[in-house]
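Input: a single structure, listed below in structure tokens.
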Amino acid sequence: MSTNVTAKLLNSDSPFFSVSALQAMLNLTRESARTTASRLVKRGILVRLQRDLYTLANRKYSLFSLANALYQPSVISLETALNYWGIIVQVPQTIFSIAQGSYRCVVDNTEFVYRRMFPDLFRFGQVKAENFFIVEPEKALLDTLYMKSKGLSELLPEDVDMAKLDDDLLNYYNRLYPSIVKKMRNEIEEREYEAK
3 MSTNVTAKLL NSDSPFFSVS ALQAMLNLTR ESARTTASRL VKRGILVRLQ RDLYTLANRK
63 YSLFSLANAL YQPSVISLET ALNYWGIIVQ VPQTIFSIAQ GSYRCVVDNT EFVYRRMFPD
123 LFRFGQVKAE NFFIVEPEKA LLDTLYMKSK GLSELLPEDV DMAKLDDDLL NYYNRLYPSI
183 VKKMRNEIEE REYEAK
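Its first residue numbered 3, the sequence shown is counted upward by one per residue in the working numbering.
This is the structure in structure tokens:
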């Protein structure tokens with residue numbers, strides 16, 4: 003295997019390589035790309051993260067960028083995004099994302115959970131932060147309330163800091179969600195108002 007292959011991988015901006023990406027980058031057939039990846043793992047150049055997903059052995063990456071790469075398309079959301087934006091202080095032990103399908107896996111002792119979101123609720127409110135995609139804080143709250151309405155989140159109203167959210171953007175996004183989400187949001191706001 004030539005040092006040219008290693009050089010191409012080292013010069014890549016992406017910390018992750020799928021078999022398809024290796025196939026395109028190295029101009030190989032799919033089977034040859036799979037064989038090349040296997041050989042690079044044996045030589046200690048690549049590390050296999052999961053089936054068909056690899057990273058360079060010494061390249062550092064964030065868990066959030068890994069979450070984006072493990073299941074595509076996906077974006078960091080729910081309690082993970084709420085904590086990232088400072089809306090809740092609890093640090094989730096699981097990295098939550100939304101996607102157009104459900105998926106769960108463990109990589110490097112970290113659990114990644116992908117909650118299915120309808121396409122109309124998936125396609126907006128996403129931003130690139132550092133080297134990963136995450137939803138805006140307002141969308142993170144609404145996504146979490148939506149999942150809570152389905153029994154898939156344990157968010158407590160008293161844990162949410164509504165003062166850090168943009169009311170106009172929250173109202174704009176809220177009209178896209180089912181009415182139960184607006185009702186749950188109103189309960190959080192009433193609780194916060196009563197606490198003052």
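Beta carbons: idealized from backbone N, C-alpha and C, even for Gly.
Report, in whole angstroms, the separation of the C-beta atoms of residue i and residue j, which I expect to be a contact under 8 Å.
i: Leu144; j: Val183; result: 6 Å
i: Pro139; j: Leu84; result: 7 Å
i: Val2; j: Ile47; result: This structure cannot speak to residue 2, because the chain is shown only from 3 to 198.
i: Leu55; j: Ser20; result: 6 Å
i: Ile90; j: Asp161; result: 5 Å
i: Met186; j: Lys152; result: So it is not a contact: roughly 12 Å between Cβ atoms.
If you compare alpha carbons, which of the options is closest to residue i?
i: Leu123; options: Thr146, Phe134 and Cys107; result: Thr146
i: Leu11; options: Arg61, Gln52 and Arg193; result: Arg61
i: Tyr105; options: Tyr148, Gly127, Ile90 and Leu72; result: Leu72
i: Ala165; options: Ile190, Glu132 and Lys150; result: Ile190
i: Val137; options: Val109, Leu172 and Asn111; result: Leu172
i: Phe66; options: Leu42, Met186 and Glu113; result: Glu113
i: Ser14; options: Leu42, Lys44, Leu58 and Arg125; result: Leu58
i: Gln92; options: Lys44, Pro75 and Glu156; result: Glu156
i: Leu167; options: Trp87, Met27 and Asn29; result: Trp87
i: Pro75; options: Arg125, Met27 and Thr5; result: Arg125
i: Asn70; options: Met27, Ala131 and Leu28; result: Ala131
i: Arg45; options: Phe18, Thr5 and Asn29; result: Thr5
Less than 9 Å between the C-beta atoms of residue i and residue j, yes or no?
i: Ser64; j: Phe134; result: yes
i: Leu68; j: Leu51; result: yes
i: Tyr148; j: Pro121; result: no
i: Thr38; j: Val7; result: yes
i: Arg118; j: Gln102; result: yes
Might you give, ordered along the chain, the residues of its own chain that have their beta carbon closer than 6 Å to the beta carbon of residue i, omitting 5 neighbours on each side?
i: Lys141; result: Gly127 and Tyr175
i: Phe98; result: Leu80, Glu81, Thr82 and Val115
i: Glu33; result: none
Please list, in chain order, all residues of the same chain as residue i whose beta carbon is under 8 Å from its beta carbon, the five residues on each side excluded.
i: Thr31; result: Gln25
i: Val129; result: Phe135, Ile136, Val137 and Glu138
i: Val43; result: Val49, Arg50 and Tyr56
i: Val109; result: Leu51, Gln52, Leu68 and Leu72
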